[in-house]
Every structure is written in structure tokens, then in C-alpha cells.
Amino acid sequence: GAVVSQHPSRVICKSGTSVKIECRSLDFQATTMFWYRQFPKQSLMLMATSNEGSKATYEQGVEKDKFLINHASLTLSTLTVTSAHPEDSSFYICSASGAGGRGDTQYFGPGTRLTVL
Amino acid sequence: DAKTTQPTSMDCAEGRAANLPCNHSTISGNEYVYWYRQIHSQGPQYIIHGLKNNETNEMASLIITEDRKSSTLILPHATLRDTAVYYCIVRALYNQGGKLIFGQGTELSVKP
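See below:
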């Protein structure tokens, strides 16, 4: 149980284009989902927290207009990287937890490798 | 959330127990200790968590000191597939939406 999937696993795009990444909880209802990114040889950095049906809460320094997050259902959240540039190339990982994410375990997706040319 | 301190790297022989320490001297009474691991180029995998008592599951054991200022994750019989970065995270229950803040973790290398 507690499986989280991401799609696509890998994406290459041209500079200036937008890329959408999906995160799905396959066997539980995720009231809270989290988006992280990870640069090579670094730890995970939290980007934003999203609750189903609400606007996402972004961490300091993360541009909300560049990283659009939608959490329209209890099993799906999407991250759209708008007007991507090479510096946005990174490993993007989502996690999900149920029951409002308070005191509940977070389960992570396998990650999406984004390369912007 | 309280900060944690972990050794940067550790080695362990295959088949032996791997003991990964974590210091969290500023932990608060309502904060859990969580352990995750990340195998290269994959998403983190949940291992175990605890509040006060020692915990055991099919993957590992978690030993928390009585004063809760440190803990040890024990992989009883390490295999090559346990090679990964292990993260010890202290998480507040009702603050900040339950988010996890990752440190640098311990890079565990299991050697034949």
C-alpha cells in the first residue's frame, strides 16, 4: 500500500516551453501533497505544499508564477514549470500523505528528471 | 522543526548490522523522528518512525534514547541493495503542515 506515481519519469524540453508533471496517489486519498526538487549531489528541497481544493503554499524563494501547482482531486496533483530555462533542470519529486498530512507518513513518488536545453 | 546531525558517510560489510546514528538534541516533546532513504536517482523511501519507544518493522529497528536527544537506525543484516543516503528527520506534528525538511543525510555504502 501507499504507492505514489509520477509521470513522466523523464522529460527533455526546449528553453521557453512549459512542462507538466503529474503526481498520483494510487491506493490512498492524499489530502496533502508536497513538491520537492533535488539538484545533483544535493539534498531534497521543499518547494511547496498543496492541500486538495486549496491554493498551494510555497516555500520562501520559490516563484509561484513559475511553478504552478494544482491539486484538484484527492489522488492527483500537478506541477507545471512555466517558461522553463536550463537552470530549472533538476530532479522533481512529489510526496503525498492522507488525513491532512498532520502526523501522517509521507510517501514519495519515483521522481521526474527534467532537462531543459 | 528541530535540526538533526548525521555522519556524512559510513561503510558496512554485507551481512553485518548497519547502525546509523542521528543527533537531535533540540527535539520537542511533540516531534517524531522519521527515517527515509534514497537510492540513487529514485524518490525517498519511508523506513520507520517513532516518538519515544523503540520501533521495529520488516525493514529496520529504531532505537531512541530516553532523553530523545539521539536515535539509531539499525539495519540488522545489510545487503548491497541497502546502499543509499539515509535521512533522519524530526517532524512537528501540527506545525507547518507536517512537511519534511531534509538535511544532508548519511551515505551508507554496503560492501561485499
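One line per chain: the protein sequences are A and B, in this order. Here the working numbering runs 93 ahead of the position in the first sequence, where the first position is 1. Here the working numbering runs 93 ahead of the position in the second sequence, where the first position is 1. In this text, a Cβ means the ideal position worked out from N, Cα and C, and glycines have one as well. What you are looking at is a predicted structure, and each value in this text was computed from that prediction instead of being measured.
Item, Value
"Residue range of the beta strand (DSSP E) that includes B:Pro-87", "The structure shown does not extend to residue 87 of chain B, since chain B is modelled only from 94 through 205, so no value can be given for it."
"At least 3 beta-carbon pairs within less than 8 Å: the stretch 158-171 of chain A vs the stretch 134-144 of chain A", "yes"
"Of the listed residues A:Thr-175, A:Lys-157, A:Leu-167, A:Met-126, nearest to A:Leu-207 (C-alpha basis)", "A:Thr-175"
"Members of the stretch 113-125 of chain A that neighbour chain B once the beta carbon cut-off is set at 9 Å", "Thr-125"
"Contact with chain B by A:Gly-191, beta-carbon distance below 8 Å", "no"
"Residues that B:Lys-192 contacts on chain A, provided the C-beta gap is smaller than 7 Å", "Phe-127, Leu-139, Thr-142"
"Per-residue contacts from B:Gly-196 into chain C (C-beta, under 7 Å)", "The structure shown contains no chain C; its protein chains are A and B."
"Pair within 8 Å by beta-carbon distance, B:Ile-140 and B:Trp-128", "yes"
"Through-space distance from A:Glu-152 to A:Pro-179, alpha-carbon basis", "21 Å"
"Cα-Cα separation, B:Ala-106 to B:Pro-205", "6 Å"
"Euclidean distance between Cα positions of A:Leu-167 and A:Gly-154", "27 Å"
"Beta-carbon spacing of B:Thr-165, B:Val-203 below 8 Å", "no"
"Beta-carbon neighbours of B:His-142, restricted to chain A and to distances below 9 Å", "Thr-198"
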